[in-house]
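Residue numbers (numbering that gives the first Met the number 0): 0 to 266.
Built from N, CA and C at the ideal position, the CB exists for glycine as well.
This structure is a prediction, so every number in the text was calculated from the model and none was measured.
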Amino acid sequence: MGEDQELSRMEDQWKKRFDRFTSPEPTREQTFSLIEKIKEVEEIKPVDLRAELEANQSAQSMFSKILNLFLSQWNFHGTASWLLTGIVMLVLTITISHNSVNEIIGYMTWIKWITLIIIAVISYSFRSGNEGNEIIEKLSYYSLIQQMFTRFMIVMGLQLAITLPLSFLILGRANSILYLLSSFTPIFFFGVVGFVSTFWFGQKIGSTFALIVWFSQTLFDKQLKSASMFQLPENDYFFLLNSVIIGFSCLMLSSVLLRNRLLRDME
Numbered sequence: 000m001g002e003d004q005e006l007s008r009m010e011d012q013w014k015k016r017f018d019r020f021t022s023p024e025p026t027r028e029q030t031f032s033l034i035e036k037i038k039e040v041e042e043i044k045p046v047d048l049r050a051e052l053e054a055n056q057s058a059q060s061m062f063s064k065i066l067n068l069f070l071s072q073w074n075f076h077g078t079a080s081w082l083l084t085g086i087v088m089l090v091l092t093i094t095i096s097h098n099s100v101n102e103i104i105g106y107m108t109w110i111k112w113i114t115l116i117i118i119a120v121i122s123y124s125f126r127s128g129n130e131g132n133e134i135i136e137k138l139s140y141y142s143l144i145q146q147m148f149t150r151f152m153i154v155m156g157l158q159l160a161i162t163l164p165l166s167f168l169i170l171g172r173a174n175s176i177l178y179l180l181s182s183f184t185p186i187f188f189f190g191v192v193g194f195v196s197t198f199w200f201g202q203k204i205g206s207t208f209a210l211i212v213w214f215s216q217t218l219f220d221k222q223l224k225s226a227s228m229f230q231l232p233e234n235d236y237f238f239l240l241n242s243v244i245i246g247f248s249c250l251m252l253s254s255v256l257l258r259n260r261l262l263r264d265m266e
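Spelled out as structure tokens, the structure:
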């Protein structure tokens, strides 16, 4: 008898403990309500992340859009690459300035090497990226031509910002606005040649074409002095040739817009 009572007591005790943690049985109304909520969740369309991104971009100011575009393209060259480029150009400038016979000869040698560096920097900035970068470029809110042209502006802007102050180390007191123009024109021309040829034919063919133009100008500079890209302010056709070169460079840049329109028409 005593054992039966003890077992009954323990059974009641454990039963009370289990009852504490047993959830109540849902009512019929609660069950139907849960089913309706599940159906509503299934009917909701998945979130379109690209549409949300475009909506957020459209809500931004024009300044924010331009700033984000420039920041997104900065990574294709990077701070470390620009520091290395600046160091190479500084070493080249100091070496030529200390070893040249006079300022003018040193300047002509210097500007030729600087334009070669421009071609190398353009080639590096528009190098073939990995598959991940190509997908990001295609899926970007900004069009491919906007991305490439912004990258070109970054390269040319920073390259000129580095080059023009270094020209004072080469020319010294002989420096003037005309000499700055004579250094700007070939830098702009070879930058445009590298960019446009890369845009039309790809990075490898574009870089090769820019190098061919550079070597032809360098090797036949004396024979084609009247048509040379490297003109001094003292030359008779200085202003005419600089105007023609800058105008021709602008025409080459406009061909990028033409190709972009042709590609859109084909699509």
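- A residue is called buried once 16 or more other Cβ atoms fall within 10 Å of its Cβ, and F31, having fewer, is exposed.
- Across the structure, S248 and S196 are spaced so that their CA atoms are roughly 12 Å apart.
- DSSP, reduced to helix, strand and coil, places N67 within a helical segment of the structure shown.
- Residue range L143 to L170 is occupied by the alpha helix (DSSP H) that includes T162.
- In this structure, the beta-carbon distance from I121 to F194 falls below 9 Å.
- With 16 or more other Cβ atoms from the protein chains shown falling within 10 Å of its own Cβ, V154 counts as buried.
- In this model, L231 and Y178 are separated by some 7 Å (Cα to Cα).
- I113 is classed as buried because its beta carbon has at least 16 other beta carbons within 10 Å across all chains shown.
- Looking from the CA of I186, the closest CA among L170, I204, L157 and L168 belongs to L157.
- Cβ atoms of T149 and F69 come within 8 Å of each other, at about 6 Å.
- At a Cβ-Cβ threshold of 9 Å, L252 and V212 do not count as neighbours.
- Closest option to A160, judged by alpha-carbon separation, among M107, L66 and F183: F183.
- Going by DSSP, Q202 is part of the alpha helix (DSSP H) stretching over Q202 to L218.
- In the three-state scheme derived from DSSP, where H, G and I count as helix and E and B as strand, P232 is classed as coil.
- DSSP places T114 in the uninterrupted alpha helix (DSSP H) bounded by E102 to S124.
- For T26, there is no enclosing alpha helix (DSSP H), as DSSP marks it with neither H nor E.
- S96: member of the alpha helix (DSSP H) spanning T78 to N98, first to last residue.
- Around Y106, the same chain offers I169 and L170 as residues with beta carbons nearer than 6 Å, after the five sequence neighbours per side are excluded.
- Residues of the same chain with a CB within less than 8 Å of the CB of T92, apart from the 5 flanking positions on each side, are W109, L165, L168 and I169 in chain order.
- When the five nearest sequence neighbours on each side are left out, the beta carbons in the same chain lying within less than 6 Å of the beta carbon of S99 are those of G105, in order along the chain.
- With a beta-carbon spacing of about 6 Å, M88 and I116 fall inside the 8 Å limit used to define contacts.
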